[in-house]
Amino acid sequence: MTENRSVQKTKRNLKDALIYFLKEKSIHQVKVKELTEKAEINRGTFYFHYSDIYELLDELEDDVFTELEKMFDQYDENLSKEINPASLLDVLFFSLSEKREIIYILLGPNGSRSFSSRIDGWVDYHSRNILQSAFPEVEPEYHRLVSAFLIRGVIGTFKTWYETGQNQTHQELAEIIKKIIGNTVSKGE
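Take the sequence shown: its letter number 103 is residue 165 in our numbering, and every next letter is one higher.
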């Protein structure tokens with residue numbers, strides 16, 4: 063069942079207010095009163111939609127992952143036609159860069175541990191699938207290790223890129239990582 067526009071607007075305002083506060087303080091410090099004042103709704107409306115701030119945060123995270131999956135799937139259509147694991151970096155950085163502000167906030171010091179785990183799992187899932195398709199003859203342990211490396215590399219590079227002013231495109235970020243990795247990912251060695 064789709065929500066009417068009024069409900070969508072109310073929820074969007076609440077999520078925007080939550081993002082605003084997470085820039086400055088942790089989720090544990092955000093109060094419903096200040097959140098509803100910022101969103102310009104009353105507390106009763108908040109509690110009509112959410113039992114607490116954590117439920118709102120969960121929905122915000124779910125929204126981000128829904129959007130990431132849509133972007134990844136759209137961008138991945140070309141990747142699946144010609145399996146090229148090095149292109150995985152490009153599609154990952156594209157997806158992350160499209161939602162950069164909210165992802166950075168949720169990964170940051172005031173963000174959510176569950177979001178960090180979920181983003182790691184998301185990168186792991188997609189990187190292993192592409193690696194296994196490209197190199198089925200390679201041991202699964204290799205895929206697991208490369209995926210672990212990509213998780214830290216992609217997330218760390220994304221955070222540094224955001225913190226330093228986002229001067230590169232997602233393609234340029236992918237190229238930088240490809241150069242750092244060398245031919246290991248692309249050759250499956």
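Even for Gly, the Cβ is constructed at its ideal location relative to N, Cα and C.
Item, Value
"Rounded to the nearest angstrom, what separates residue 109 and residue 81 at their Cα positions?", "18 Å"
"Can you tell me whether DSSP reads residue 65 as helix, strand or coil?", "coil"
"In chain order, what residues of the same chain lie with their CB nearer than 7 Å to the CB of residue 158, ignoring the 5 residues before and after it?", "165 and 220"
"Could you tell me the distance, in whole angstroms, from the CA atom of residue 174 to the CA atom of residue 130?", "17 Å"
"Helix, strand or coil: which one does DSSP assign to residue 233?", "helix"
"To the nearest angstrom, how far is the alpha carbon of residue 239 from that of residue 99?", "43 Å"
"Given this structure, state the Cα-to-Cα distance separating residue 86 from residue 207, to the nearest angstrom.", "35 Å"
"Hey, which unbroken runs of the alpha helix (DSSP H) at 4 residues or more fall wholly within the stretch 109-170?", "115-143, 147-160 and 162-169"
"Residue ranges of each alpha helix (DSSP H) run of no fewer than 4 residues wholly in the stretch 80-110, ordered along the chain?", "94-101"
"Residue 216 and residue 169 - do their beta-carbons sit closer together than 7 Å?", "no"
"Is it buried or exposed for residue 93, if we count other Cβ within 10 angstroms and need 16 for buried?", "exposed"
"Relative to the C-alpha of residue 135, which candidate in 120, 152 and 119 has its C-alpha closest?", "152"
"Are there 16 or more other CB atoms within 10 angstroms of the CB of residue 231, so buried, or fewer, so exposed?", "exposed"
"Under three-state DSSP, which class holds residue 183?", "helix"
"Starting from residue 197, trace the alpha helix (DSSP H) both ways and give me its first and last residue.", "Looking at the DSSP string, residue 197 is not in any alpha helix (DSSP H), and its letter there is neither H nor E."
"Tell me which same chain residues have a C-beta within less than 6 Å of the C-beta of residue 177, skipping the five on either side of it?", "123 and 168"
"At which residues does the alpha helix (DSSP H) containing residue 209 begin and terminate?", "202-225"
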